[in-house]
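Keeping their order, the protein sequence lines are chains A and B.
For the record, in the first sequence the residue sitting at position 21 is 22 according to the working numbering, with numbers rising by one throughout.
For the record, in the second sequence the residue sitting at position 185 is 186 according to the working numbering, with numbers rising by one throughout.
Protein chains: 2
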Amino acid sequence: MAKFYGIGTGPGDSDLLTIRGKKALETIDYLYTPEPKKKGKSLALSIVSPYLPDNLEIKQRHFPMVNDLSVKEEAWDLVASEILEDVKSGKNVGFVTLGDPMVYSTYSYLLERLSNAIETETIPGISSFSSMSNILQIPLVMDEETYSVVPATADESVIKTALETFSTVIIMKVSVELPKIKRLLESYDLLDSTVLISNASMENESIIMGLTDLDETKRISYFSTMIVYKTREI
Amino acid sequence: MAKFYGIGTGPGDSDLLTIRGKKALETIDYLYTPEPKKKGKSLALSIVSPYLPDNLEIKQRHFPMVNDLSVKEEAWDLVASEILEDVKSGKNVGFVTLGDPMVYSTYSYLLERLSNAIETETIPGISSFSSMSNILQIPLVMDEETYSVVPATADESVIKTALETFSTVIIMKVSVELPKIKRLLESYDLLDSTVLISNASMENESIIMGLTDLDETKRISYFSTMIVYKTREI
C-alpha cells in the first residue's frame, strides 16, 4: 500500500541524515519540499540531494512565513490535498523537513491533515541543538542534570523559569528576539555561559562562545540557536 | 592523523544510525563498547553490528553501574588510557553509545579524559524520546511551545516546575522511580496525558497511552521513558 513519509533531514550536513531516511528517499515516487520564499531554494532539499534517485519527481511547494494563520492554513490544506491525492493514486510520497519532524516543524500541520486518511510514517532527524553540542563536544546533560528547549518568542516568564531551574537551556529562533534574550541572559549573569551557533553543521557555520561582546542590534542568521550551559566551562 | 570517534547509535533500531556514524564505523581500527554487566551483551554494539567491517577488532569493556563514584572513575580512567594508547599508536578508535552522546552518556566521562590529548570527533544520534514522538507521530513542540527533559531521579521540585511550566515534559529513567513519578503526575491530573514507552524502536517495544491503570509497583524495562503531552490529545 502506498504511504506518506515525513523525513527529518537533520540540521544541515547531508551525512547527518539517518539510514532510515535515506532508504525512504529511495522508495518514494514524489518528494514534496517546503520553500520559505516563492522560487526560493529549499535547504531541506539540498541536504537530501545526494540521495535522490534520478527518476524522482520533486514538487517544491511554497509555505508562506507570515503571521496570518488563515494564509498558512490555506497553504497546508492545499499541499495536504495534493499529497492525499498522490498517495490514494498509489504513489509513495515523501516530505522533507529540517531537523526533527516532531520539533517545531511545519510538517506537523500536514501530518494532522493526513494521518487519519492515509498510511503515514515519520522518520526522526538530528535537531540543530543536538548537532551543536556534538560539534562543541560539551554535554547537554549528565547524571541528574536537566535541560529545556524554549523558542526566543516564548513568554518571558517561561524563559526566566527555564534559566532559573534547568542545568542547560536551549533557546531556539533567537534571530528575531536577540535584544530581549541578551537582556535576560545578562540579568542572570549568564552571558559568559552561552554559546550562539548559526548554521550548525552547514558550510557557513559560525560559533560564538560567550556573548558579552555580542552586538544585539546586528542581524544574525535565521538558523541561529543558543545553548546556555549553566554547569559547564565553555 | 589517528582519531577517536564517539558515535551515537540512536535508540535501538539499526537504521536510525546516521550516515556519518556508519562512515565512521567503516574507518576505525578498533571499536570500544560499553557493557553494563560483566560478560553482558552491549545493546550499542548490536545496533551497529550490520555496519561493522569484518576485520574490525571489538574491545568490550565493563562500565559498572554502581553508586560508588570511585569505582566508576577507575573504569573510565582505565578505558580512557587504553584508547589514548591506541590512538597515539596511530589507530582510529571508535566508541558507541546509545541515543545521543551529549545526553546522559557515559561517553562524556571518556571524552573529558581524552579531548585535550588526542583528536576527537563526536557524532550525534537520535534520542529515545525523539524516536518515541516520531513513532507516536505526536509533535513534541509546535509554534511557541516549550519542552523540558528531566531524569526521574531529579529533585522533586524541578520535576514539579517542569510539569507546571512546559508544554511537554520528557521524563527519563523512569524505571527506578515509578511510584514517585506516578504520584506527581496524578497530583497535576496528567496521568491521562502521559505516554510510557519501553524499548523504543526495538523489537520488544511497548507503548502505554495514559497511565491511570498502570501498576507502579511492577518492574518495567530500564529503557523506559515518559512523554507528558500537556497540550495534545493522546
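No residue lacks a Cβ here, since even glycine has one placed at the ideal position from N, Cα and C.
Would you mind telling me which residues of chain A sit closer than 9 Å to residue i, beta carbon to beta carbon, in chain order?
i                 : result
Tyr148 of chain B : Val104, Ser149, Val150, Val151
Pro35 of chain B  : In chain order: nothing, as chain A lies at least about 15 Å away.
Pro54 of chain B  : Within chain A, no residue comes near Pro54 of chain B; the closest Cβ sits about 16 Å away, beyond 9 Å.
Lys24 of chain B  : Asp16
Who are residue i's beta bridge partners in DSSP?
i                 : result
Thr166 of chain A : DSSP lists no partner for Thr166 of chain A.
Gly95 of chain A  : A:Tyr6, A:Leu32
Glu234 of chain A : Glu234 of chain A is not bridged to any residue.
Met66 of chain B  : BP columns for Met66 of chain B are empty, so no partner.
Ile208 of chain A : A:Ile198
Ile59 of chain A  : A:Leu32
Met227 of chain A : A:Ile172, A:Leu197
Thr19 of chain B  : A:Thr19
Gly13 of chain A  : DSSP output for Gly13 of chain A lists no bridge partner at all.
Among the options, which one has its Cα closest to the Cα of residue i?
i                 : options                                : result
Pro125 of chain A : B:Pro140, B:Ile124, B:Glu122           : B:Pro140
Glu174 of chain B : B:Ser194, B:Val151, B:Ile160           : Rather than Glu, the amino acid found at residue 174 of chain B in this sequence is Lys. Of B:Ser194, B:Val151, B:Ile160, the residue nearest in Cα terms is B:Val151.
Glu122 of chain B : B:Lys42, B:Gly95, B:Thr213             : B:Gly95
Ile8 of chain A   : A:Glu204, A:Ala118, A:Leu111           : A:Leu111
Ile235 of chain B : B:Ser129, B:Thr195, B:Pro65            : B:Thr195
Ala278 of chain B : B:Arg114, B:Ile209, B:Gly91, B:Ser202  : Because chain B here runs from 2 to 235, residue 278 of chain B falls outside it and cannot be looked at.
Ile182 of chain B : B:Asn117, B:Leu212, B:Tyr108           : B:Leu212
Asp30 of chain A  : A:Val88, A:Ile228, A:Val142, A:Asp190  : A:Val88
Thr147 of chain B : B:Thr10, B:Tyr230, B:Ser15             : B:Tyr230
Ala118 of chain A : A:Leu85, A:Tyr33, A:His63, A:Gly11     : A:Leu85
Ser129 of chain B : B:Glu120, B:Pro180, B:Met227, B:Phe167 : B:Met227
Glu217 of chain A : A:Glu187, A:Pro35, A:Tyr52, A:Phe167   : A:Glu187
Glu157 of chain B : A:Thr154, A:Phe167, A:Glu157           : A:Phe167
Thr169 of chain A : B:Glu74, B:Ser149, B:Thr162            : B:Ser149
Leu115 of chain A : B:Ile208, B:Ile209, B:Arg114, B:Gln138 : B:Gln138
Leu185 of chain A : A:Ala163, A:Lys23, A:Ile127            : A:Ala163
Straight-line CA distance for residue i to residue j?
i                 : j                 : result
Ile20 of chain A  : Leu18 of chain B  : 6 Å
Glu165 of chain A : Leu192 of chain A : 14 Å
Ile221 of chain B : Ser176 of chain B : 6 Å
Leu215 of chain B : Asn68 of chain B  : 28 Å
Glu58 of chain A  : Ala76 of chain B  : 53 Å
Val104 of chain B : Asn135 of chain A : 10 Å
Gly13 of chain B  : Ala25 of chain A  : 18 Å
Glu27 of chain A  : Pro54 of chain A  : 6 Å
Tyr6 of chain A   : Asn93 of chain A  : 8 Å
Ser106 of chain A : Gln61 of chain B  : 39 Å
Val159 of chain A : Ile48 of chain B  : 38 Å
Glu178 of chain B : Gly100 of chain B : 21 Å
Asn56 of chain B  : Pro65 of chain B  : 28 Å
Ile198 of chain A : Ile171 of chain A : 11 Å
Tyr108 of chain A : Leu79 of chain B  : 46 Å
Phe224 of chain A : Ser82 of chain A  : 29 Å
Met133 of chain A : Glu206 of chain A : 10 Å
Met143 of chain B : Thr98 of chain B  : 29 Å
Pro180 of chain A : Thr154 of chain A : 12 Å
Leu46 of chain B  : Ser131 of chain A : 22 Å
His63 of chain A  : Val72 of chain A  : 11 Å
Lys23 of chain A  : Tyr189 of chain A : 43 Å
Asp16 of chain B  : Ala201 of chain B : 13 Å
Glu113 of chain A : Lys42 of chain B  : 40 Å
Leu70 of chain A  : Tyr52 of chain B  : 46 Å
Leu32 of chain A  : Arg233 of chain A : 42 Å
Ile209 of chain B : Lys38 of chain A  : 41 Å
Leu44 of chain B  : Leu44 of chain A  : 34 Å
Lys161 of chain A : Glu145 of chain B : 15 Å
Pro102 of chain A : Glu204 of chain B : 23 Å
Ser50 of chain B  : Gly11 of chain A  : 23 Å
Lys219 of chain B : Pro35 of chain B  : 28 Å
Mind pulling the chain A residues with CB within less than 7 Å of residue i?
i                 : result
Ile182 of chain B : The premise fails here: Ile182 of chain B is roughly 14 Å from chain A at the closest Cβ pair, so nothing lies under 7 Å.
Ser132 of chain B : Pro125
For a contact meaning CB atoms closer than 9 Å, what does residue i contact in chain B?
i                 : result
Ala155 of chain A : Glu145, Glu146, Thr147
Leu112 of chain A : Gln138, Pro140
For residue i, go through chain B and note every residue whose CB falls closer than 7 Å to its CB, in chain order.
i                 : result
Thr195 of chain A : Result: empty, since nearest Cβ-Cβ is about 16 Å, beyond 7 Å.
Leu99 of chain A  : The contacting residues do not exist; Leu99 of chain A stays about 14 Å from chain B at best.
Thr123 of chain A : Asn135, Gln138
Thr162 of chain A : Thr162, Thr166
Ser109 of chain A : Pro140, Met143
Strictly below 8 Å CB to CB, what residues from chain B border residue i?
i                 : result
Arg21 of chain A  : Asp14, Asp16, Leu17
Val159 of chain A : Thr147, Thr166, Phe167
Show which residues of chain A have a CB atom less than 8 Å away from the CB atom of residue i.
i                 : result
Ser116 of chain B : Gln138
*Hey, which unbroken runs of the beta strand (DSSP E) at 3 residues or more fall wholly within the region 104-191 of chain A?*
If we require 3 residues or more, the beta strand (DSSP E) runs fully inside the region 104-191 of chain A come out as 121-124, 148-152, 169-173.
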